[in-house]
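For what it's worth, my numbering labels the leading residue of the sequence shown as 624, then goes sequentially. By construction, the Cβ of each residue, glycine as well, lies at the ideal position given by its N, Cα and C atoms. Below you'll find the structure, written out as structure tokens, and then a few comments.
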Amino acid sequence: MLDSKLAAARAKGLSAKGVKRLREILLRRQDSFRLEFGCDPPVKVAPLQVRVKVNAQPTKAQPRRYSPDDRAFLDRHTAKLLEFGLVFLNHRSRWASAPRIVRKKEQDSDPTADPRMTIDTRGVNERTESMPWPMPVLEVVLGALEGAKVVFALDWFRGYWQLPLHEDSQELFTFITHRGMYTPTRVPMGATDAVAYCQGVVEEIFGDLLGNGILAWLDDILGYAESEDELLQLLDQVLARCEVYGLKLHAKKCEFFEIEVKWCGKTVSAAGVRHCSDRVQGLVEMQPPQTAGDLQQFLCAVNWMRQSIPEYNRLTAGLYAVLEEAMKAAGSRKKVKLAKFPLDQIGWGDPQLADLAAVKAALLKMVPLAHPSPTAEVCLYTDASQDSWGAVATQLEP
């Protein structure tokens, strides 16, 4: 694994001196990386303690039916979690949630790859007093990359499974399978407070480096610098913090020297930020929606990219009008109900297909966003009508 990562860095332009230094750093900090679950203790931070609403009653899910393959995966996965102390058998738990088996992208190319187990914590979440936290605004924090020439990307190993869950809160997240009841000792993905708590842990570990060499969105870390020397020094600092707190990184998913890198669904480089081409292509190749749920899913995905799509409101107006009509007819705005509402009941036809084609064409012509330059002259253009408003900011170097 080490040799392949060094070869990748060399192929991206890291000098021979840089490759030698990177090897030394990775060998010295090798305990910060993992490929498989082990008996590692949780990250050295205060555990998450969930506050349950007053008079809340336990949620008690029933075991779900799973396919033979999913049952076999659940058996393997829970056995591994038990082996390393990440869960324990708890047949006396008053709380129970059901696992959900989620297909991973890797399974498309590797049939032997395992899916992901998550826990349907909706019942627990309804009974939880949520914890606030100021999540980073990606469009804002990515501006820190102005002037950066090289980057690295680090990914936590098994994310939330490294985060400690307070003993008083563990029973709340007990999950039930065909084999029994298992109570986690680590923070489960999907818990109401999981995102806020995880980002708070990031702030605690890397606080002074955030915006000064690294950006972090939950378990995804992006490092940036103007030169390879600065980047490698920064990488060593980040790995040192990981050692101090016992945070483990996924060796296979880390990239230590890149000119551009995928981070949080965007492709980031010295030139600016654009949306990942595979995500764009996936939207373009989607079949026309059959239900209101399909249309809602498509528009939600496109809306996430709207800052790079000129005339977004005009292009999507017809599709949003159809969606609103479908929501009224279905009596709900929730995807579960909309997924059962056929679009042909409200006259979906050639005009809407033309609108869909126009939006897909716009996706292929999206405008990359440049990093804001402190020396550039900023020009702001605004316009508005009875239907919508918009603005474009450009910058000109002196």
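Exercise. Considering I724, what are the terminal residues of the beta strand (DSSP E) in which it resides?
Worked result: P722 to V725
For this session: Measure the C-alpha to C-alpha separation of I742 and S720 and round it to an integer number of angstroms.
Result: 7 Å
Exercise. Between which two residues does the alpha helix (DSSP H) carrying F921 extend?
Worked result: A915 to N926
Problem set entry | N- and C-terminal bounds of the beta strand (DSSP E) containing S900 | Looking at the DSSP string, S900 is not in any beta strand (DSSP E); the run it does join, the alpha helix (DSSP H), is S900 to V907.
Exercise. Cα-Cα, which of K640, E1020 and L870 is closest to F660?
Worked result: L870
Exercise. According to the Cβ coordinates, are L872 and Y805 closer than 8 Å?
Worked result: no
Exercise. Nearest-angstrom Cα distance between S627 and S655?
Worked result: 18 Å
Exercise. Between A924 and the rest of its own chain, which residues show a CB-CB distance below 7 Å, the 5 nearest in sequence each way excluded?
Worked result: L906
For this session: Leaving aside the five residues before and after C821 along the sequence, list all residues of the same chain whose C-beta is less than 8 Å from its C-beta, in chain order.
Result: G782, Y783, L786, V810, L841 and D842
For this session: With a 10 Å radius around its C-beta and 16 neighbouring C-beta atoms as the bar for buried, classify C877 as buried or exposed.
Result: buried
Exercise. So what's Y783 in DSSP terms, helix, strand or just coil?
Worked result: helix
Exercise. What three-state label does DSSP hand A719 in the structure shown?
Worked result: strand
Exercise. For H898, which of A863, M928, A767 and K960 has the nearest alpha-carbon?
Worked result: M928
Exercise. Is the segment 961-969 in contact with the segment 903-923, if contact means three or more CB pairs nearer than 8 Å?
Worked result: yes
Exercise. On the three-state DSSP scale, how would you describe F696?
Worked result: helix
For this session: Please name the residue, chosen from Q904, P912 and P681, that lies closest to A888 on a Cα-to-Cα basis.
Result: Before going on, a small fix: residue 888 reads as Gly here, not Ala. Minimum Cα distance to G888 is reached at Q904.
Problem set entry | Close-in-space but distant-in-sequence residues of the same chain around L946 (CB under 7 Å, 5 per side omitted) | A915, L918, Q919 and L922
Exercise. Between V668 and Y847, which are expected to be in contact by the criterion C-beta below 8 Å, what is the C-beta distance as a whole number of angstroms?
Worked result: Rounded, the Cβ-Cβ distance is 25 Å, inconsistent with contact.
Exercise. Is it buried or exposed for Q793, if we count other Cβ within 10 angstroms and need 16 for buried?
Worked result: buried
Exercise. Can you tell me where the alpha helix (DSSP H) with M950 in it begins and where it stops?
Worked result: Y935 to A953
For this session: Could you pull out every unbroken alpha helix (DSSP H) segment of at least 4 residues lying fully inside the segment 793-831, listed in chain order?
Result: 817-829
Exercise. Residues in its own chain within less than 7 Å of I724 by CB, not counting five upstream and five downstream?
Worked result: Y689, D693, F696, P738 and M740
For this session: Report all residues from its chain with a CB closer than 7 Å to the CB of S996; omit the five preceding and five following residues, and keep chain order.
Result: E769, Q1018 and E1020
Exercise. In chain order, what residues of the same chain lie with their CB nearer than 6 Å to the CB of E881, ignoring the 5 residues before and after it?
Worked result: K635 and V774
For this session: Give every residue of the same chain whose Cβ lies closer than 8 Å to the Cβ of V675, excluding the five residues on either side of it in the sequence, and list them in chain order.
Result: R750, T751, E752 and L795
Exercise. Which whole-angstrom value describes the C-beta separation of L645 and L629, a residue pair presumed to lie in contact below a C-beta threshold of 8 Å?
Worked result: 6 Å
Exercise. Can you round the beta-carbon distance between A893 and L845 to whole angstroms, since I take them to be within the 8 Å contact cut?
Worked result: About 13 Å separates the two Cβ atoms, so there is no contact after all.
Exercise. On the three-state DSSP scale, how would you describe K667?
Worked result: coil
Exercise. Hey, which unbroken runs of the alpha helix (DSSP H) at 4 residues or more fall wholly within the segment 722-754?
Worked result: 745-749
Exercise. Can you tell me the Cα-Cα spacing of E908 and A977, whole angstroms?
Worked result: 15 Å
Exercise. Would DSSP call Y689 helix, strand or coil?
Worked result: coil
Exercise. Alpha carbon to alpha carbon, how far is L942 from M989?
Worked result: 19 Å
For this session: Would you mind working out which of A993, P933 and I969 sits nearest S1011, comparing C-alpha positions?
Result: P933
For this session: Rank E706, H801 and A771 by C-alpha distance to the C-alpha of G834 and give the top, closest one.
Result: A771
For this session: Please name the residue in K875, V824, A736 and S716 whose C-alpha comes closest to that of I799.
Result: S716
Exercise. Where E682 and T815 are concerned, what is the direct C-alpha to C-alpha distance, given to the nearest angstrom?
Worked result: The identity of residue 682 in the sequence shown is Thr, whereas the question assumes Glu. C-alpha separation (whole angstroms): 15 Å.
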